[in-house]
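Asks: I have a structure I would like to understand better, so I am pasting it below and will then ask my questions one at a time.
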Amino acid sequence: MDSTYAPLLRVAGLRVAYRTAGGARVSALRSLDLEVAEREVVGVLGASGSGKSSLTQAVLRMLPRNAEVEGQISFRRQEILTAGSRELRNLRGGEIALISQEPALALNPVLSIGRQIDDVLNAHRSLSSQSRKEKFQLMLRDVGFPDPDRILRAYPHQLSGGQRQRAAIAQALICGPSLLMADEPLSALDTVTQAEILDLLTRLKSQMNLAMIFITHNAGVLSALADRIVVLRDGEPIASGSLPQLRLSSDPYVRGLLCPQKNLFSSSAKPASSRGAGSRDECSAQPILRVRNLSKSFVQKKVFGRKAFSVRALDQVEFALEAGTTTAIIGRSGSGKSTLARCIAGFEKPDTGSVEIHAKEAEKSSRAVQLIFQDAGSALNPRFTALDVVAEPMLISGQLNAADRKRRALHLMAEVGLDPESHLRKALEFSGGQRQRLAVARALAANPQLLIMDESLAGLDLPLQAQMLRLLLDLQSLHGLSYLYISHDLNFISLFAENVIVMDQGRIVEDLPVSMLAQSSHPATQALVAAGERVHAAGVEVAQ
Amino acid sequence: MITYLLRRIGHGILLLFGVSLLLFFLQQAAPADFLTDMRLNSQISDQTMAALRAQYGLDQSVPVRYLHWVKSSIRGDLGISFAYNVPVSGLIWPRIQHTVLLTGPALFISWLIAVPLGVLAAANRKPWIDRLFAGSTSLFLSVPDILLALLALLLALSSGKFPAGGMSSSSSSTAIASSHVRDVMWHMLLPVTALIIGSLAPILRQVRSSVMEVMDTTYFRAAEGHGLGRFTLLFRHALQAAANPLITLFGTSIATLLSTSLLIEVIMSWPGMGPLFLESIQARDLFVVIGSVMFITVFLLAGNLIADILLFVLDPRIADPRIADPRTRVDA
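Going down the list, the sequences are from chains U and G.
Just so we're aligned: 290 in the numbering used here is position 290 of the first sequence, and the numbers increase by one with no gaps anywhere.
With positions in the second sequence counted from 1, the corresponding number in the numbering used here is that position plus 1000.
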């Protein structure tokens, strides 16, 4: 037996920096040391921009051209940074496998799943077609496909998000690697699917004796899976240990990642539970929003034929929203929640039914409803300055002159926590969180009474989500706003909303106060609650 | 698929009708006709002129003449040439074959060169390769086709080694078949080369940029991360995913190649559509002009149709009606 300890993967003094077009160097990782033993799962936790993704790319030597790398990475004592292209190819996929964030983007759209898995197998093993076939069957069953043959023939667009991630996992593991690197493998999936994939990875880990590097910004998913967690900030490891050990940390950054809710309550904002019933009585006389019997179908023409497909996106949806309250609409992807939001905001015309705002037809008071999208980066015109963005609704309504518009825009920027001095910067020069603030300021510029947020916080990492939530609660009490928050995720809703509407297959299956959520007997609700607890174990724990 | 094809062909026929109508009425706006030059000749009497006009049908109104032409087209004649006094289709058909003899190989060879070269240029991103690629393609893009044709002619004349025009040597048509084929191929060499050089640059650029775009995608990076070989990576994963804009370009490249070919044929006196088209325009030989334009239109339509069929066959997403809808996927 070899007495000297040799880890599976050893990263020593790894530095990664990117040269920018202007000649500057941006550091992504500074002196990272990391060891992964055989069969060990190491969670890497960090906010966005902490250098998590540079780590996986450096290990596979797939950093972009403008990256500079220093340090040592060895896999079973084989140096990776100096390996020849042939050795490197054998490591990639053969010994070290990668699954990435977006299952929708990680598979080639024009090649069948079978072709893509076969290519990986062919690159590393020379097997007869018969034994390859057997391997496929086994692998696809292992990742939870009951009928492998159909999946092998299918193209990525024919699979759901969860199925694609399963296929990508099968592709990564087909050659039996010893180390799996998973870069945010759950963040693009809905909560129920997240829980399923997490279970799958846990099972495969012990079944295939896998070591793992699991990269995420969500501490909850690591609680069941990771033996050890390394917390990254600005490219440096600032803490490591098991989840219970890290919970004892006093570092505000670590605490912010592990339990963002704590940050939330340290502010002036009050949690939903304490706002509660009192305010509801005052406002219940007249609902701000009343949706009656709303139905919407999408007819989709077949590209080269006569047959048309009809999809029922909304099926007789009815609910009312009281002024000054927050309601969350949750449901799996494809349950019709976004269509509902678009109908209320007037982007889609419903087939039947009506949307009333303050008992008026929605079309006549469209400015009272504002919609904030998930991705502020693409929802803002990149050529506009911050001032242009915020002032545009006022320009359209035409009630203020230029000087007043500017004064109000700067005021709104300050209100959402942006520096008014930066009003001449272009929208794209702001960070993700700042852009979402800008989107909120723009929505407020129209003097809305109802803000619809379609997964508006989902693109942000947890500490930023907490900050945004605090801001939204402050703005709600300041302007008497009503919120309709749309999400597939139960993460923050329990703190944020008074009411939860659960949607499934275009219908409202339940409409209940958030405190009753756990007692619900409806299967769709139960699935969401169970998955939420599974994925956000850390978060839900703190909330209770 | 079949219904789609039939519908596209139906559209094509309608389009041809439109083109022919437009041509008929446009030529009416022209200030002269086939007999204008003859009218200036004082030896021809007015009666003879009137008789000739009646013979060619030029005394009738445009709608009547159009109807006559349509009838003749249905018979397969496409009208009678004024100048040669034979059915237009018989005049055009051998010329079309000659033109296809140039454009067909040129199309095939230029894509055969451009695709691997473009993929390699996309995969090997070294500064000097990038500069060489940008420089050479810009150079070839900026050379006008007519200059290329003249250069080819100059090469033939100055070297004396290549045939300077025509499709075969006068002696070879009587010789045995195999040497005749070799002779025709020898004559094809310069015009086809000029055509390839003229059409290569835009294809190369499109191949390179499409493949480069795919190489930036997550799925390509993922495939790279799975340790696939370079050849599989580039020519299966990248090229196939990059194929859509290339197929569309293939359809339109048929059209551009055809127009370049007409020009080169005129300069190198290749007996294709080019010289006939030019001559019929100069002589105002109405039905030959219309027939030529109709055939060129057919080529363009066929090019686009081929591109659409290829897209349909190669991209699994196009044929699938469920693509935009998550709830009709295989299973959920």
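The beta-carbon is built from N, C-alpha and C at its ideal position, and this holds for glycine as well.
Pull up the distance between the alpha-carbon of residue 521 of chain U and that of residue 512 of chain U, whole angstroms please.
Replies: Rounded to the nearest angstrom, the two C-alpha atoms are 12 Å apart.
Asks: By alpha-carbon positions, which one of G/1125, G/1054, G/1154 and G/1133 ends up nearest to residue 1200 of chain G?
Replies: The candidate whose alpha carbon is nearest that of residue 1200 of chain G is G/1133.
Asks: For the stretch 1299-1312 of chain G against the stretch 1003-1015 of chain G, do three or more pairs of beta-carbon atoms, one drawn from each stretch, fall closer than 8 Å, so that the two count as touching?
Replies: Because the criterion of three Cβ pairs below 8 Å is met, the stretch 1299-1312 of chain G and the stretch 1003-1015 of chain G touch.
Asks: By the three-class DSSP mapping on this structure, what secondary structure does residue 293 of chain U have?
Replies: Reduced to three states, the DSSP call for residue 293 of chain U is strand.
Asks: I want to verify the contact list: residues of chain G whose CB lies under 9 Å from the CB of residue 119 of chain U, in sequence order.
Replies: In chain order: 1223, 1226, 1228, 1229, 1232, 1233, 1236 and 1237.
Asks: Could you pull the start and end residues of the beta strand (DSSP E) that residue 510 of chain U belongs to?
Replies: Taken as a continuous stretch (DSSP letters only), the beta strand (DSSP E) holding residue 510 of chain U covers 507-513.
Asks: List the endpoints of the continuous alpha helix (DSSP H) containing residue 1089 of chain G.
Replies: Taken as a continuous stretch (DSSP letters only), the alpha helix (DSSP H) holding residue 1089 of chain G covers 1088-1123.
Asks: Quick check: what's the CA-CA separation for residue 83 of chain U versus residue 69 of chain U?
Replies: Going from the Cα of residue 83 of chain U to the Cα of residue 69 of chain U covers about 14 Å.
Asks: Which residues, taken in chain order from the stretch 394-415 of chain U, show a beta carbon closer than 8 Å to some beta carbon of chain G?
Replies: Residues passing the 8 Å Cβ filter: none.
Asks: Using the beta-carbon count (16 or more within 10 Å), is residue 326 of chain U buried or exposed?
Replies: By the neighbour-count rule (16 or more Cβ atoms within 10 Å), residue 326 of chain U is buried.
Asks: Could you give the first and the last residue of the continuous beta strand (DSSP E) run that contains residue 354 of chain U?
Replies: Taken as a continuous stretch (DSSP letters only), the beta strand (DSSP E) holding residue 354 of chain U covers 352-357.
Asks: Leaving out five residues before and five after residue 1110 of chain G in sequence, what residues of the same chain have Cβ atoms less than 7 Å from its Cβ?
Replies: Answer for residue 1110 of chain G: 1196, 1199, 1200 and 1203, listed in chain order.
Asks: Which residue or residues does DSSP assign as beta-bridge partners of residue 487 of chain U?
Replies: DSSP, once it has assigned bridges, lists U/330 as partnering residue 487 of chain U.
Asks: Closest to residue 516 of chain U by C-alpha separation, out of U/507, U/529, U/505 and U/63, would be which residue?
Replies: The shortest Cα separation from residue 516 of chain U among U/507, U/529, U/505 and U/63 belongs to U/529.
Asks: Using a Cβ-Cβ cutoff of less than 6 Å, which residues in the same chain neighbour residue 442 of chain U once the five nearest sequence positions on both sides are dropped?
Replies: Within the same chain, residue 442 of chain U has close Cβ partners 389 and 390.
Asks: On the three-state DSSP scale, how would you describe residue 415 of chain U?
Replies: Three-state result, residue 415 of chain U: helix.
Asks: For the stretch 61-88 of chain U, which residues have a CB atom closer than 9 Å to at least one CB atom of chain G, in sequence order?
Replies: So the list reads 62, 65, 85 and 88, given in the order they occur along the chain.
Asks: Count the other CB atoms, across all protein chains shown, that sit within 10 Å of the CB of residue 407 of chain U; report buried if there are 16 or more and exposed otherwise.
Replies: Residue 407 of chain U comes out exposed.
Asks: Once the 5 residues before and after residue 545 of chain U are set aside, which same chain residues still bring their CB inside 8 Å of it?
Replies: Not covered by the structure: residue 545 of chain U. The range shown for chain U is 1 to 544.
Asks: Let me know the secondary structure DSSP gives residue 503 of chain U once reduced to three states.
Replies: In this structure, residue 503 of chain U counts as strand in the three-state DSSP scheme.
Asks: Can you tell me which of the three DSSP states residue 1162 of chain G falls into?
Replies: Of the three classes helix, strand and coil, the one that applies to residue 1162 of chain G here is coil, per DSSP.
Asks: Suppose only complete runs of 3+ residues qualify. What are the beta strand (DSSP E) ranges in the stretch 159-193 of chain U, listed by chain order?
Replies: Whole beta strand (DSSP E) segments, 3+ residues: 179-183.
Asks: Please name the residues in the stretch 1302-1320 of chain G whose beta-carbon is closer than 8 Å to at least one beta-carbon of chain U, in chain order.
Replies: Hits within the stretch, in order: 1312, 1314, 1315, 1316, 1317, 1318, 1319 and 1320.
Asks: Closest to residue 436 of chain U by CA distance: which of U/456, U/244 and U/219 is it?
Replies: Selected option, being the one with the closest Cα: U/456.
Asks: Quick one: grab the DSSP three-state call for residue 155 of chain U.
Replies: Residue state, collapsed to three classes: coil.
Asks: Just the Cα atoms here: how many angstroms apart are residue 112 of chain U and residue 119 of chain U?
Replies: If I take the Cα positions, the gap works out to 11 Å.
Asks: Reducing DSSP to helix, strand and coil, say where residue 1278 of chain G ends up.
Replies: The answer is helix: DSSP assigns residue 1278 of chain G an H, G or I state.
Asks: Which residue's Cα is closest to the Cα of residue 319 of chain U: U/330, U/289 and U/249?
Replies: Of U/330, U/289 and U/249, the residue nearest in Cα terms is U/289.
Asks: State the Cα-Cα distance for the pair residue 381 of chain U and residue 430 of chain U, rounded to the nearest angstrom.
Replies: Approximately 12 Å between the Cα atoms of the pair.
Asks: Candidates U/337, U/314, U/171 and U/370: which alpha carbon is nearest residue 351 of chain U's?
Replies: Nearest of U/337, U/314, U/171 and U/370 to residue 351 of chain U, Cα basis: U/314.
Asks: State the DSSP-derived secondary structure class of residue 1287 of chain G, mapped to helix, strand or coil.
Replies: DSSP places residue 1287 of chain G in helix when its eight states are reduced to three.
Asks: Does the Cβ-Cβ distance between residue 527 of chain U and residue 510 of chain U come in under 9 Å?
Replies: Contact: no.
Asks: Check the Cβ of residue 90 of chain U against every Cβ in chain G and list those closer than 7 Å, keeping chain order.
Replies: Correct list: 1227.
Asks: Check the Cβ-Cβ distances between residue 1240 of chain G and every residue of chain U, and say whether any is below 9 Å.
Replies: So, interface residue.
Asks: Can the beta-carbon of residue 1344 of chain G be found closer than 9 Å to that of residue 1214 of chain G?
Replies: Since the first residue of chain G shown is 1001 and the last is 1332, residue 1344 of chain G is not available in this structure.
Asks: Check each candidate in U/198, U/180, U/476 and U/235 and name the one with the smallest Cα separation from residue 219 of chain U.
Replies: Closest option to residue 219 of chain U, Cα to Cα, is U/198.
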